[in-house]
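Start counting the sequence shown at 0; every next residue gets the next number (numbering that gives the first Met the number 0). Glycine is no exception: its CB is placed at the ideal position from the N, C-alpha and C atoms. I have placed the structure first, in the form of structure tokens, so that the comments after it can refer back to it.
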Amino acid sequence: MAIITIEKLENADKDADSLDDFVSGNGKKKVKTRRGAEYLTAPGVEQTLLDNGLKRGFANKAALDKYKPSIEGSLAQDMETKKVWLWDGAKWNDTGASDKDLANQYTDEKSLQLNKKISDIQTFDFHTQVSANQDSWQGLDAIGNVLIAVDAEGNFQQNYHYDFHIKPESPSFQIVDRNLNLIFGNSDLYLRDFFTKKNEIAFITVDQNLNILNSNNQQDTDLDFSELNYSALNPNALKNKEPYLNYSKLCVQQDFTDDLYIKDSFEIFKKHTDVYDFYDVLKAQHPDRVSSEVLGYDGLNNEIRQYSYTPKLFEDDGTNGWTSAEMQPIKLVVTTGVHGIERDSVLQFAVLFNEILNRSNEIEEASFLSQFRIVIVPMICPNGYDANTRNNHNGVNINRNAPAGWSKWANGEAGQKPLDQPETQVACSLPQLHSDASVFVDFHNYNAGIYRSGWYGTSKLETLNVVKRIAMKIQASIQKDFNYLKKNPIRIAKNTGGTTCLDWQETSKKKGYLFETPLFGGTRPLYENRQYGLFVIRTALTEIMKHEIGA
């Protein structure tokens, strides 16, 4: 049993006094224990925490009201509304707007300011006024500062010091940020700006030929082209009005965002009748330039049509000393759709035909080719196209059924004898139907698994030299523009026996050319592959016709 001594009782009395002082003492007093240590009283601890910004949080106002602090000036926060309340010794008092309220108020004020600026822009009439000595954009204040512009981060920028002078015949302006984002302009003809000095918010106004109209720094002629593409397709495939470098020239990519340039050929021409519908639309658009004729029928009684394009003719009043035949533009005959599975070539030439009719002011090769007579037979084998097969409905390869160099195949794919298929008869009769044509071209595709970037064929030395020139030009472009084909060679060969192209040359004594481009598929990107096929057929026909006129 423990013995309570006088000393222990005295110590207990001192400890009780210290505990009472700790609990009941004021905020300034310190408690000194019987061992000599000093501590803040409980109110002192609370006061210290309050002095350092302590707030006690409560789920809502009702929970807060139940708490009665011992220290006047205590702070508590209603977490539901984010309001802070102050204890005056008897009740809780509202300290005013919460941080949340203040943030909302600030946001509302800034939104009103922003809307006011936007409203000012929307209601401002960006018209031009013609004065005695200049045309100028009047979106300026009294001392010539531009009223408003936007930087790359979307912030409004003031004090762009320049009056946007423009050409009288081309009233337009454009503002771009330093990342070439178009901020605003009043004409689609005015192109987005190329690079100015780095790390500087700047604009340059240009016309549709990329002539600089003005900038916010007339001394700044050190334009930075380092981040521009070095071709229309490399390193990025451009599609719509983007600037790029082509050797020493600054160029602009044409608009190639139409479905004809970006969708799979299966989506655009599902059946052979879709192909005819496409050409019929062009015929309706240009009745004075395009006509059509049914040449015959395939083995399933589908029409085999031709569409003929006639350019603007030379004046021929009968007194110039030349015959009408001599005054005619040179004629070119093209076939596609010999093999139904080679659908990209059908679409690619249809696109070129559309460019000749509707985009000759934009595409140089189309402009040149628009000066010649062109006949296109887009669907030599309609039933093969509808079935998506290489051979016709009889299992015969039309391009092995022609007389020149024909041989019978064990599997019957070349037919039982030359010309025993109606589709071959139409294809081989073209030189007789168009005896005034100088050149015949058969356009094909090869499948995605073949490791080459082109397959070109002919059978005469004269035309071989033309093919070699075309191949060299295309091969050089592949190195610059078409990364996915860089390692692939171009094949040049004599035409195979039984092909229509060989028959045109050997039987009909005409100049004949075969061009094959890769089908879309495998690792070949659709848009770039479409552009490549178009580049090949544009280039090939342009070089052939230049050769024909001695250019």
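- As DSSP reads the structure, tryptophan 91 sits in a beta bridge with Trp86.
- The DSSP-derived three-state label of cysteine 500 is helix.
- With respect to the C-alpha of histidine 443, the residue from Leu533, Ser434 and His338 having the closest C-alpha is His338.
- Only buried fits lysine 330, as 16 or more other CB atoms lie within 10 angstroms of its CB.
- Taking 8 angstroms as the upper bound for CB-CB distance, glycine 453 and cysteine 500 are not in contact here, some 15 angstroms apart.
- With 16 or more other Cβ atoms from the protein chains shown falling within 10 Å of its own Cβ, arginine 537 counts as buried.
- Isoleucine 491 sits in a strand when the DSSP states are folded into three classes.
- Checking the DSSP bridge columns, you'll see glutamate 302 partnered with Tyr296.
- For asparagine 245 and phenylalanine 367, the gap between their C-alpha atoms comes out near 20 angstroms.
- Residues of the same chain with a CB within less than 7 angstroms of the CB of leucine 299, apart from the 5 flanking positions on each side, are Asn382 and His392 in chain order.
- If you draw a straight line from the Cα of proline 402 to the Cα of tyrosine 278, it comes to about 30 angstroms.
- Membership of leucine 244 in the beta strand (DSSP E) is indicated by the continuous run 242-245.
- The closest CA to that of alanine 447, considering only Glu354, Ile477 and Arg523, is found on Arg523.
- Here the C-alpha atom of glutamate 361 lies approximately 14 angstroms from the C-alpha atom of phenylalanine 534.
- When the Cα atoms are used, serine 369 and lysine 269 turn out to be separated by approximately 28 angstroms.
- Residue pairing for proline 517: DSSP places it in a beta bridge opposite Tyr445.
- Judged by DSSP secondary structure, cysteine 250 falls within the beta strand (DSSP E) whose first and last residues are 248-251.
- Counted as a single uninterrupted DSSP element, the beta strand (DSSP E) harbouring glycine 456 occupies residues 453-456.
- Inside the region 379-430, DSSP marks no whole beta strand (DSSP E) run of 3 or more residues.
- Classified as buried, lysine 510 has 16 or more neighbouring CB atoms from the shown chains inside 10 Å of its CB.
- Lysine 330 is bridged by DSSP to Arg372.
- Beyond the five residues adjoining it in sequence on each side, histidine 271 comes within less than 6 angstroms, by CB distance, of Met378, Pro381, Tyr384 and Asp385 in the same chain, given in chain order.
- Secondary structure at glycine 72: coil, using DSSP grouped into helix, strand and coil.
- Annotated three-state conformation of aspartate 316 is coil, per DSSP.
- The straight-line gap separating the alpha-carbon atoms of phenylalanine 481 and glutamine 474 is approximately 10 angstroms.
- In the pairwise beta carbon analysis, the region 395-412 is classified as not touching the region 343-357: fewer than three pairs are separated by under 8 angstroms.
- With a 10 Å radius around the Cβ and a threshold of 16 neighbouring Cβ atoms, leucine 312 comes out exposed.
- Annotated three-state conformation of phenylalanine 481 is coil, per DSSP.
- Within a 10 Å sphere around the beta-carbon of glutamate 461 sit fewer than 16 other beta-carbons, which makes this residue exposed.
- Where arginine 55 is concerned, the enclosing beta strand (DSSP E) starts and stops at 55-57.
- Residue Val332 holds the alpha-carbon nearest to the alpha-carbon of leucine 540 among Val332, Ala89 and Arg451.
- Bridge pairing for asparagine 228: Tyr243 [DSSP].
- The continuous alpha helix (DSSP H) containing isoleucine 261 extends over residues 258-261.
- Counting other Cβ atoms within 10 Å of its Cβ, isoleucine 5 stays below 16 and is therefore classed as exposed.
- Annotation for valine 274: the continuous alpha helix (DSSP H) segment containing it runs 271-284.
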